[in-house]
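Position one of the sequence shown corresponds to residue 28 (our numbering), numbered consecutively onward. Right, one structure below, let's go through it.
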Amino acid sequence: MNSFILRALLIAGLAAFPVAAHADSPGAGGERKSDMQSGAEVYRHVCQACHMADGKGGKGAAVIPALASNPKLAISAYPAGVVLNGFGAMPWFNGTLSPEQIAHVVNYVRTHFGNSYTDMLSADDVKAMAGPVPHVTH
């Protein structure tokens with residue numbers, strides 16, 4: 028098939044699906060980020076896509092660090108800062124996730140996947156760490 032026919036088929040196929048995708052519907056469950064209450068829900072719908080269901084990360088187009096048995100999680104400010112501000116290829120979630128959701132997911136990761144750091148991070152801790160919400164300018 029020549030490229031003109033392939034393009035025409037692609038355009039016709041896309042026209043058959045007029046529903047737009049929503050970036051704020053991260054998981055297969057269709058939950059919006061504002062609806063996620065527990066750290067497990069936030070992890071499953073936001074973090075798991077890169078860090079994997081078992082928290083072991085992976086390698087491919089980028090190296091995704093393992094959260095499983097990770098000694099860097101011993102101090103709760105470290106993962107909270109990474110979630111708030113991003114690091115390397117990881118985007119920031121300040122302004123995307125609430126302070127409560129960030130605290131819940133940090134506490135979840137620090138007490139699962141072979142981690143046993145039981146001192147809890149609070150939403151007030153996250154609020155105190157959060158700077159202004161980043162804005163992307165083009």
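Backbone N, C-alpha and C fix where the C-beta goes; we use that ideal spot for every residue, glycine too.
Asked: Is Met117 helix, strand or coil when you go by DSSP?; Found: strand
Asked: If we count the other Cβ atoms within 10 Å of its Cβ and call it buried at 16 or more, is His162 buried or exposed?; Found: exposed
Asked: With DSSP run on the structure shown, which of helix, strand or coil describes Leu124?; Found: strand
Asked: Pick helix, strand or coil for Ile102, following the three-state DSSP scheme.; Found: coil
Asked: Determine the DSSP secondary structure at Lys154, reduced to helix, strand or coil.; Found: helix
Asked: Just mark Ser103 as buried or exposed, buried being the case when its beta carbon has 16 or more other beta carbons within 10 Å.; Found: buried
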